[in-house]
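Residue numbers (our numbering), protein chains in the order written: chain A, 34 to 148; chain B, 34 to 148; chain C, 34 to 148; chain D, 34 to 148; chain E, 34 to 148; chain F, 34 to 148.
C-beta atoms are modelled at their ideal positions from N, C-alpha and C, and glycine is treated no differently.
The structure presented is a predicted model; accordingly, all values stated were derived computationally and were not measured.
Comments concern the structure below.
6 protein chains.
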Amino acid sequence: MKVEPDDFEKERERLNRLVLSYAGKNIKRFFALDSSVYREGALDRKTKELLGLVASLTLRCDDCVRYHLSQCRELGITDEELEEAMAVALVVGGSIVIPHLRRAFEFWTLLEEGE
Amino acid sequence: MKVEPDDFEKERERLNRLVLSYAGKNIKRFFALDSSVYREGALDRKTKELLGLVASLTLRCDDCVRYHLSQCRELGITDEELEEAMAVALVVGGSIVIPHLRRAFEFWTLLEEGE
Amino acid sequence: MKVEPDDFEKERERLNRLVLSYAGKNIKRFFALDSSVYREGALDRKTKELLGLVASLTLRCDDCVRYHLSQCRELGITDEELEEAMAVALVVGGSIVIPHLRRAFEFWTLLEEGE
Amino acid sequence: MKVEPDDFEKERERLNRLVLSYAGKNIKRFFALDSSVYREGALDRKTKELLGLVASLTLRCDDCVRYHLSQCRELGITDEELEEAMAVALVVGGSIVIPHLRRAFEFWTLLEEGE
Amino acid sequence: MKVEPDDFEKERERLNRLVLSYAGKNIKRFFALDSSVYREGALDRKTKELLGLVASLTLRCDDCVRYHLSQCRELGITDEELEEAMAVALVVGGSIVIPHLRRAFEFWTLLEEGE
Amino acid sequence: MKVEPDDFEKERERLNRLVLSYAGKNIKRFFALDSSVYREGALDRKTKELLGLVASLTLRCDDCVRYHLSQCRELGITDEELEEAMAVALVVGGSIVIPHLRRAFEFWTLLEEGE
């Protein structure tokens, strides 16, 4: 059940290549747009990754959560900042979010250990 | 269909009083917790309201969106910051978010006009 | 915004007739099944209506909530029993459920007044 | 509660203009992409509109459903074809879809009457 | 794919400890509230666990389903009672619930065998 | 993580037998209905399987997606047709669909290799 950050990243890249091998221009444009919205702008990168993280938690997508956690880690988001974003996600999304919260904190710990 | 900010706020308060007239201690605690997670902490109020807004948009709850828009307005969030948070919500949540985006921008305009 | 129980019931019946005027055998079978699962069995009617109510609240469907509230009322479910089921729905589903909780308690009050 | 097709279309256009007056390039690109995926290709327009309709019904977005119903009508989709797509949406999405099915068939009737 | 009840319980406890090691007072309060709503009150424990189960099935969270199944088992809920609650969840939530129903009945069987 | 089509099919059949061993008449009727809506009618089988696929993708159920992919494959749906249906699902459902899209294209590749 434990997902190692390196394995996660490799699998994600392998499957993205597979998707793009099938993708026509609409799917390709969506992928470009999906990178574009997290770029620095009026809101900074950290805020945008936290937005992506909380949206992913309340929509309950573990892979999306793991991806945003990696980005949060690289941007230097602290444990305290993360915990507060998690608390917002938990209260908005309810107890159904808890299993995702468990896996999220485990992945966060593994990211920390891997540094 | 147009929801005026003042009417929205009055109706919300009226119905919150109704809920609390029925509420036992668990529902009351939930309401307290729901206020508590948006308080200033390691993350500032603006970031937390944007987290609440994006979660509400991707979960597609117009009333929740309107509430967070009011808070964003009071905290001085700019049109540009709002638009970027909206773009994250749209890309994460997909075209199904668009009708909520429409109503959100209309409410934002009404908040602006009411100042 | 206030939905009167009588209007709700009439509109629901009018539109059900409309759906059934278009429905082939699959949609008709689904409607029959939808009545069948709430019938008395190993679980009593009250429990089943509460199951329908909590599922409708966490999936956030106001019309479904109103329908199950009417049934709960007819079956003599008390304010205390209702409040506890609502608390489960709120904690499982999170703050995104609150606007539906507000409308649910208002409808419950109107059902009470109409007696 | 009854939504007239003409009013729906005007309101949709008015609010789309409002969204686009705030939109930066990411939201604009999303809107372009949202038109692009329904264009004739390996799958024909009718199939694509039915895909959009069923996705909108199972995700339970009335405005999205109404939009796709208008498109289905213009493309000459018959009552029988519509009913079968509706049946798939109902079985996949469950009874929680029923209130949306009611409003969908009402809008379909109004589209028919307006011709 | 088969999840053994003992492994499930141990993993759940291990990860709950991890979450609580990061948790500030809001997340801790949420966890307390999440226990509190299932306590005996105007509704009995069995009814409340069935409410939690059906909400978890319609929101499609396997871990939440497994937790409530364990509780249902301990409270002496019978196969017939369980099946009827499952049928409500299936009809409300639709065929998208079926994969979760499969895993739920398998876990229920394993709970039975472990006694 | 890679799910082989043969293993998937066997596991699905094993668990369906388990569900049906517990099922009363309501669950059995639902299963019958779930087969019935995909039968040839005013809409052909290919269109109906694509409807089921897109609904499953936007509701984000991997097992449902895999089942409909198998059916699509048997019905001779081409890579281009599949990609266009996927693009609709992605735009309607948003980036949260991407992890499911990855697993869907992998399963599609495995179905192709198994022929």
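Let me confirm a value: residue i is counted as buried when at least 16 other C-beta atoms fall within 10 Å, else exposed. Which label applies?
i, result
"residue 80 of chain D", "buried"
"residue 39 of chain A", "exposed"
"residue 120 of chain A", "buried"
"residue 92 of chain B", "buried"
"residue 147 of chain A", "exposed"
"residue 77 of chain B", "exposed"
"residue 135 of chain C", "buried"
Is there a Cβ from chain E that is less than 8 Å from the Cβ of residue i?
i, result
"residue 81 of chain C", "yes"
"residue 134 of chain A", "yes"
"residue 126 of chain F", "no"
Just reading off the alpha helix (DSSP H) that residue i is part of, what are its end residues?
i, result
"residue 130 of chain E", "Neither: residue 130 of chain E is in no alpha helix (DSSP H) and is coded neither H nor E."
"residue 60 of chain D", "58 to 69"
"residue 120 of chain D", "112 to 126"
"residue 47 of chain B", "38 to 55"
"residue 93 of chain D", "Careful: residue 93 of chain D lies outside any alpha helix (DSSP H) and carries neither H nor E."
Could you tell me how far apart the beta carbons of residue i and residue j are, in whole angstroms, since I believe they sit closer than 8 Å?
i, j, result
"residue 137 of chain F", "residue 84 of chain D", "Between residue 84 of chain D and residue 137 of chain F the Cβ distance is about 15 Å, and since that is not below 8 Å, they are no contact."
"residue 98 of chain A", "residue 133 of chain A", "6 Å"
"residue 142 of chain C", "residue 75 of chain E", "Between residue 75 of chain E and residue 142 of chain C the Cβ distance is about 18 Å, and since that is not below 8 Å, they are no contact."
"residue 66 of chain D", "residue 59 of chain A", "6 Å"
"residue 103 of chain F", "residue 51 of chain F", "About 20 Å separates the two Cβ atoms, so there is no contact after all."
"residue 108 of chain C", "residue 82 of chain C", "6 Å"
"residue 139 of chain C", "residue 56 of chain B", "Not quite, the Cβ-Cβ distance comes to about 14 Å (not below 8 Å), so this is no contact."
"residue 43 of chain C", "residue 53 of chain C", "The Cβ separation is near 16 Å, so there is no contact."
"residue 89 of chain F", "residue 129 of chain E", "7 Å"
"residue 100 of chain A", "residue 45 of chain A", "7 Å"
Within 8 Å (strictly less), CB to CB, does residue i reach chain B?
i, result
"residue 107 of chain A", "no"
"residue 64 of chain C", "no"
Mind checking if residue i is an interface residue toward chain F, Cβ cutoff 8 Å exclusive?
i, result
"residue 49 of chain C", "no"
"residue 120 of chain E", "yes"
"residue 74 of chain D", "yes"
"residue 123 of chain A", "no"
"residue 95 of chain E", "no"
"residue 114 of chain E", "no"
With a threshold of 8 Å between beta carbons, is residue i in contact with chain A?
i, result
"residue 78 of chain D", "no"
"residue 52 of chain F", "no"
"residue 39 of chain E", "no"
"residue 69 of chain D", "yes"
"residue 130 of chain B", "no"
"residue 145 of chain B", "no"
"residue 42 of chain B", "no"
"residue 111 of chain B", "yes"
Is any beta-carbon of chain D found at less than 8 Å from that of residue i?
i, result
"residue 87 of chain E", "no"
"residue 137 of chain C", "no"
"residue 46 of chain C", "no"
"residue 84 of chain F", "yes"
Please confirm whether residue i has its beta-carbon closer than 8 Å to some beta-carbon of chain C.
i, result
"residue 92 of chain B", "yes"
"residue 60 of chain B", "yes"
"residue 148 of chain D", "no"
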